[in-house]
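A.B. asks:
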Amino acid sequence: MTSDPRTWAAEHSAALVGLPSAAAEQEVEDAGLRPRIAGPDVVLTLEYRPDRITLVTDRAGLVTEVVPG
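Here the sequence shown stands for residues 190 to 258, numbered as in my numbering.
1) As a quick exercise: from LEU222, ARG223, ARG238, ALA211, pick the residue whose alpha carbon is nearest that of VAL252.
2) Consult DSSP for GLU236 and reduce its assignment to one of helix, strand or coil.
3) Let me know the secondary structure DSSP gives ARG195 once reduced to three states.
4) Using 10 angstroms around the beta-carbon of GLU200, count the other beta-carbons present and answer buried if the total reaches 16, otherwise exposed.
5) Check the C-beta distance from GLU216 over to ILE226 and give it rounded, since I have them as a contact under 8 Å.
6) Measure the beta-carbon distance from ILE242 to PRO229 and round it to whole angstroms, keeping in mind my assumption that it falls under 8 Å.
7) Let me know the secondary structure DSSP gives ALA173 once reduced to three states.
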C-alpha cells in the first residue's frame, strides 16, 4: 500500500534525519514510496511526484532533510 508522501514525511522525517542514505532509502521503499537521493549540491525542482520522497544528504551520505514529492 502506498502512503501519502506528505503525511509519511511528516511522520517519519525525525527518525530518518541522521541515518545513512541507504538505510533511509530502504525505509522509504518499505512504505511503498519511491526514494530519490539528493546530495548536498543538488538543486531540487518544484516538480511534485505523488509517489516519491526525496532524501537530501550531506557530504558524508547522512540524511539531513526529508522532502515529500
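Note that beta-carbon positions come from the ideal geometry of N, C-alpha and C, so glycine has one too.
C.D. replies: So, to answer that:
1) The residue labelled residue 252 in the question sits at position 63 within the sequence shown. Answer by Cα proximity: ALA211.
2) Counting from one through the sequence shown, the residue named residue 236 turns up at place 47. Coil.
3) The residue labelled residue 195 in the question sits at position 6 within the sequence shown. Judged by DSSP in its simplified three-state form, ARG195 adopts helix.
4) Here the question's residue 200 lines up with position 11 in the sequence shown. Burial state of GLU200 is exposed, judged by a 10 Å Cβ sphere holding fewer than 16 other Cβ atoms.
5) The sequence position of residue 216 within the sequence shown is 27, counting from 1. The sequence position of residue 226 within the sequence shown is 37, counting from 1. Contact between GLU216 and ILE226 is absent: CB atoms are separated by about 13 Å, not below the 8 Å threshold.
6) Mapped onto the sequence shown, residue 242 falls at position 53. Mapped onto the sequence shown, residue 229 falls at position 40. Contact between ILE242 and PRO229 does not hold, since the beta-carbon distance rounds to 18 Å and is not under 8 Å.
7) As shown, the chain starts at 190 and ends at 258. That puts residue 173 outside it, with no answer to give.
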